[in-house]
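*Asks:* I have a structure I would like to understand better, so I am pasting it below and will then ask my questions one at a time.
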Amino acid sequence: MPQQTILIADDSETQLLHLKSILESAGYLTITADSGNMAIELSEKLKPDMIMLDIIMANGDGYKACRTIRKNPLLSNTPVIMVSSKSNPVDKQWAKQLGATDYIVKPFEDADVLDKVASF
Numbered sequence: 003m004p005q006q007t008i009l010i011a012d013d014s015e016t017q018l019l020h021l022k023s024i025l026e027s028a029g030y031l032t033i034t035a036d037s038g039n040m041a042i043e044l045s046e047k048l049k050p051d052m053i054m055l056d057i058i059m060a061n062g063d064g065y066k067a068c069r070t071i072r073k074n075p076l077l078s079n080t081p082v083i084m085v086s087s088k089s090n091p092v093d094k095q096w097a098k099q100l101g102a103t104d105y106i107v108k109p110f111e112d113a114d115v116l117d118k119v120a121s122f
């Protein structure tokens, strides 16, 4: 089975590198973006197997990116996991309404991230 590629979008370099390290240590290939707009562009160009989006980002937030990705027929079935410090049930429900497949609240345990990713 070929390696899965996961696009990670977060405007925090620390969070981006942490997720990248977790996923690469488990054998995944990663692509990184520092904004929602860049995540949309890279998703359309590279067609990753999964997308992880922070919600609060400059230059296009994760909600906008998720909504745009879901409208693209080539990406509409790609799992999208929102990764955010926003833990309010309303935020989780909104993400789901926009097409997010799952939601991870920061701070997170490395094993929880890998479990969520492996479930898709």
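In case it helps, my numbering puts the sequence shown at residues 3 to 122.
From the three backbone atoms N, C-alpha and C, an ideal C-beta is built for every residue, glycine too.
1. Below 8 Å between beta carbons: does that hold for Ala11 and Ala28?
2. Going by DSSP in three states, Thr16 sits in which element: helix, strand or coil?
3. Since Ala35 is in the beta strand (DSSP E), which residue starts that stretch and which ends it?
4. To the nearest angstrom, how far is the alpha carbon of Lys1 from that of Leu9?
5. Going by DSSP, what residue range makes up the beta strand (DSSP E) through Asp104?
6. Buried or exposed for Ser23, going by 16 or more other Cβ atoms inside 10 Å?
*Replies:* Quick look at the numbers:
1. no
2. helix
3. That run of the beta strand (DSSP E) goes Leu31 to Ala35.
4. Because the chain spans 3 through 122 in this model, residue 1 falls outside it and cannot be assessed.
5. Asp104 to Val107
6. exposed
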